[in-house]
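Undergrad: Here it is: the structure, laid out below.
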Amino acid sequence: MVYFCSYSVIDFLEIYYLYHKKSAFALLLRQFLRVTVCNVLFSVVFPLSAVVAILFWGFYFWERELIYPKIMDNVLPPFINHMMHTYPVPLSIFYMFVEITEEPPKKRSFVLLTTLMSTYSFVFFYGNHNCDEWIYPVLDALTPSQATLVVIFTMTTPYVFLFVGYYIFSKIKDVRTYFNARLKKVKIY
């Protein structure tokens, strides 16, 4: 949510800079936000949204009542909940295609993801240790070995999707290169 709202701020700064005042500060802030958002897309948004989608749909098809009880259908239409857990993945890929022109350094993305995952792990396990409850009640319904597998999956899979994101972006760059070459040929004639 914060990630996608940051694009609204970037758009506002762009409009402000282009149409109202040629503010150097607005331009610098816009450039800083674009670089930050690019790093966050590769490091956090795409990897974690992919993991959330896999976990949500995995639990949903395995045991729906654990993740989204049928009684919730009366409170929140199922399509909204499904959209919230699935939509960020294709939207992240769309943003890679439309907005990102240069991929961030892999080391920086890896460090940012590791920092976030370490902080999240601390809060996650600290809450379980001190309160004797999981942050997500679904884990209480699992056997210890199942909960362990889910936690291991959740802690390792974002790193896989970090590099999947870079792979997808490399293919996006190939598509852009192809179409740019085709456009140059059309402009010549």
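All letters in the sequence shown, in the order written, are residues 3 to 191 by our numbering.
Where is the CB? At the ideal position from N, CA and C, for every residue including glycine.
Output needed for Ile137: all residues of its chain with C-beta closer than 7 angstroms, excluding positions within five of it in sequence on either side, in chain order.
TA: Taken in chain order, the residues that qualify are Phe126 and Gly129.
Undergrad: Within 10 angstroms of the Cβ of Arg32, are there 16 or more other Cβ atoms? Answer buried if so, exposed if not.
TA: It is buried - the Cβ of Arg32 has at least 16 other Cβ atoms within 10 Å.
Undergrad: Ile170 to Asp176, Cα distance in whole Å?
TA: So the two alpha carbons sit approximately 10 angstroms from each other.
Undergrad: Ordered along the chain, which non-local residues of its own chain (more than five positions away) have a Cβ less than 7 angstroms from that of Leu50?
TA: Counting only Cβ-Cβ distances below 7 angstroms, and skipping sequence neighbours, we find Pro160.
Undergrad: Taking the alpha helix (DSSP H) that Glu67 falls in, what are its first and last residues?
TA: First-last of the alpha helix (DSSP H) with Glu67: Arg66 to Ile69.
Undergrad: What does a CB cutoff of less than 7 angstroms around Ser94 pick up in its chain, not counting 5 residues either side in sequence?
TA: Leu43, Val47, Phe48 and Ser51, listed in sequence order.
Undergrad: Counting Cβ pairs closer than 8 angstroms, one from the region 162 to 169 and one from the region 103 to 115, do we hit at least three?
TA: Yes: at least three Cβ pairs fall under 8 angstroms.
Undergrad: Are the CB atoms of Tyr18 and Ala28 nearer to each other than 8 angstroms?
TA: Yes; because the gap between Cβ atoms is below 8 angstroms, this pair is in contact.
Undergrad: Thinking C-beta only, is Ile174 closer than 8 angstroms to Met119?
TA: In this structure, Ile174 does not lie closer than 8 angstroms to Met119 by Cβ.
Undergrad: For Leu185 and Arg178, what's the separation of their Cα atoms in angstroms?
TA: Distance between the alpha carbons of Leu185 and Arg178 is about 10 angstroms.
Undergrad: Using CA coordinates, which residue listed in Val54, Cys133, Glu105 and Val100 is at the minimum distance from Pro90?
TA: Checking every option, the nearest Cα to that of Pro90 belongs to Val54.
Undergrad: I'd like to check one pair, Tyr9 with Val37: are the Cβ atoms closer than 8 angstroms?
TA: In this structure, Tyr9 does not lie closer than 8 angstroms to Val37 by Cβ.
Undergrad: Along the chain, where does the alpha helix (DSSP H) containing Val37 start, and where does it finish?
TA: Its alpha helix (DSSP H) spans residues Ala26 to Val42.
Undergrad: Buried or exposed for Ile82, please, with buried defined as at least 16 other CB atoms from any protein chain shown within 10 angstroms of its CB.
TA: Classification for Ile82: exposed.
Undergrad: Does the beta carbon of Asp13 sit closer than 8 angstroms to a beta carbon anywhere in chain C?
TA: No chain C appears in the structure shown, which is made up of a single protein chain.
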